[in-house]
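Colleague: In UniProt numbering, the protein residues as written are 1 to 269. Here it is, the structure in full.
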Ligand SMILES: Nc1ncnc2c1ncn2[C@@H]1O[C@H](COP(=O)(O)OP(=O)(O)OP(=O)(O)O)[C@@H](O)[C@H]1O
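Structure representation (structure tokens):
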């Protein structure tokens, strides 16, 4: 569980990025963290992972203060950063050396995901392409069975089949005891797997809702002309006409996360 109360943080000689920041998230869901460039998503993930220390307030993850780097905390969390450096060893060597740091590591799951991603365990990690290395790290993260998995832009660098495989593998392997926090700009890549949407803007979480709540509150349509729409909350041009966001009625519609995000950060709704 993530519990943040009145947290503040700033980088040296920079303006405050978070002040009086509060946020709570129970385990048992896959949450998507969205925000504009520079909104502070990676910084928030680093604070949660204990790679940065808050300047004030309280930040607890499953009862631990991350920056204290308690060994029990470290074995319960896995962070896949956007950029990473891995040692020049084979996949099997890396797994043999680092998997024991995670008491619930599932070697069979690792073998299966590597097979799904077509990665042979005798390959040298540093001779893999960027996308292949990312897939390896995602496979490793999921196999740790850590209570908290943090994935920063996990689909960047993945080809089209790998993106859909990533979704399948993630859904298959995550349990109700886990919390998966995915920061991304690629909303289409995660739209069908996230249960919770978090939008970070100007140092605050401005949206914290389940997909069900979103579809109960808003309706998303594609129309040829705006003339047929009464009181749109937000709309954008698209090649076939307009994408429109309205207050929900009884008619169900699929959530268009990109439109919702643009509506939230461009206009107050
Ligand atoms: N090491 C650092 N030192 C100083 N400022 C930093 C550092 N890292 C990030 N920042 C600043 O903090 C702000 C938030 O950066 P952060 O990387 O957390 O945003 P983000 O939401 O992840 O952005 P993006 O979507 O572009 O990856 C930015 O203004 C950035 O310039």
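Even glycine gets a Cβ: it sits at the ideal position worked out from N, Cα and C.
(1) Need the endpoints of the beta strand (DSSP E) that residue 79 sits in, please.
(2) Is any heavy atom in ligand 1 found nearer than 8 Å to the beta carbon of residue 264?
(3) Just to be sure I understand the criterion: a residue counts if its Cβ is closer than 6 Å to at least one heavy atom of ligand 1. Which residues meet that?
(4) Please report the distance separating the alpha-carbon of residue 233 from that of residue 223.
(5) Does the segment 42-57 touch the segment 105-112, meaning 3 or more C-beta pairs lie closer than 8 Å?
(6) What residues are listed by DSSP as bridge partners for residue 124?
(7) Output needed for residue 17: all residues of its chain with C-beta closer than 8 Å, excluding positions within five of it in sequence on either side, in chain order.
(8) Considering only the beta carbon of each residue, do residue 95 and residue 121 sit closer than 9 Å?
(9) With a cut-off of 8 Å, do at least 3 Cβ pairs link the segment 147-159 to the segment 67-84?
(10) Let me confirm a value: residue 85 is counted as buried when at least 16 other C-beta atoms fall within 10 Å, else exposed. Which label applies?
(11) Sort 37, 32, 35 and 65 by Cα distance to residue 47 and report the nearest one.
(12) Could you check whether residue 147 and residue 210 sit closer than 9 Å to each other, using their CB atoms as the reference points?
(13) Does DSSP put residue 102 in a helix, in a strand, or in coil?
(14) Helix, strand or coil for residue 116? Go by DSSP, reduced to three states.
(15) Output the distance between the C-alpha atoms of residue 24 and residue 254, rounded to the nearest integer angstrom.
(16) Taking the CB atoms as reference points, tell me whether residue 257 and residue 32 lie closer together than 9 Å.
(17) Residue 58 to residue 73, Cα distance in whole Å?
(18) With H, G and I counted as helix, E and B as strand and the rest as coil, what does DSSP make of residue 210?
(19) If you count every other CB in all the chains shown that lies within 10 Å of the CB of residue 141, and 16 or more means buried, which is it?
(20) I'd like to check one pair, residue 135 with residue 170: are the Cβ atoms closer than 9 Å?
(21) Would you kindly check if the distance between the Cβ of residue 265 and the Cβ of residue 190 is under 9 Å?
Modeller: Checking against the coordinates, here is how it stands:
(1) Position 79 of the chain shown, counted from the start, is the residue given in the question as residue 79. That run of the beta strand (DSSP E) goes 77-80.
(2) On the chain shown, residue 264 is found 264 positions in, with the first residue counted as 1. Not so, every heavy atom of ligand 1 lies at least 8 Å from the Cβ.
(3) Ordered along the chain, the selected set is 11, 14, 17, 35, 37, 38, 39, 40, 41, 42 and 43.
(4) To locate residue 233, count along the chain shown from 1; it is residue 233. To locate residue 223, count along the chain shown from 1; it is residue 223. Between residue 233 and residue 223, the C-alpha separation is close to 14 Å.
(5) With the rule of 3 Cβ pairs closer than 8 Å, the segment 105-112 does not count as touching the segment 42-57.
(6) Here residue 124 corresponds to residue number 124 of the chain shown, with the count starting at 1. 90.
(7) Here residue 17 is taken as the residue at index 17 of the chain shown, counted from 1. Result list for residue 17: 9, 10, 11, 40, 43 and 203, in chain order.
(8) Counted from its first residue, the chain shown places residue 95 at position 95. Counted from its first residue, the chain shown places residue 121 at position 121. Yes. Within cutoff.
(9) Three or more Cβ pairs drawn from the segment 147-159 and the segment 67-84 lie within less than 8 Å of each other, which places the two stretches in contact.
(10) Along the chain shown, one-based indexing puts residue 85 at 85. Flag for residue 85 reads exposed.
(11) The count along the chain shown starts at 1 and reaches residue 47 at position 47. Looking at the Cα atoms, 65 is the closest of the given residues.
(12) As a working note, residue 210 is residue 210 in the chain shown. As a working note, residue 147 is residue 147 in the chain shown. Their beta carbons are not under 9 Å apart, which means residue 210 does not touch residue 147 by this criterion.
(13) Locating residue 102 in the chain shown gives position 102, counting from the first residue. Coil, per DSSP.
(14) Looking up residue 116 in the chain shown gives position 116. Looking at residue 116 - three-state DSSP - the assignment turns out to be helix.
(15) By one-based count along the chain shown, residue 24 stands at place 24. By one-based count along the chain shown, residue 254 stands at place 254. Rounded to the nearest angstrom, the two C-alpha atoms are 26 Å apart.
(16) Working through the chain shown from its first residue, we reach residue 257 at position 257. Working through the chain shown from its first residue, we reach residue 32 at position 32. Going by C-beta atoms, residue 257 is nearer than 9 Å to residue 32.
(17) Here residue 58 corresponds to residue number 58 of the chain shown, with the count starting at 1. Here residue 73 corresponds to residue number 73 of the chain shown, with the count starting at 1. Rounded to the nearest whole angstrom, the CA to CA distance from residue 58 to residue 73 is 16 Å.
(18) Within the chain shown, residue 210 is the residue found at index 210, counting from 1. Per DSSP, reduced to three states, the secondary structure at residue 210 is strand.
(19) For the purposes of this step, residue 141 is taken as residue 141 along the chain shown, with counting starting at 1. So residue 141 ends up on the buried side.
(20) Taking the first residue of the chain shown as 1, we reach residue 170 at position 170. Taking the first residue of the chain shown as 1, we reach residue 135 at position 135. The answer is no: Cβ separation not under 9 Å.
(21) Numbered from 1 along the chain shown, position 190 holds the residue referred to as residue 190. Numbered from 1 along the chain shown, position 265 holds the residue referred to as residue 265. Judged by their CB atoms, residue 190 and residue 265 are not nearer to each other than the 9 Å cut-off.
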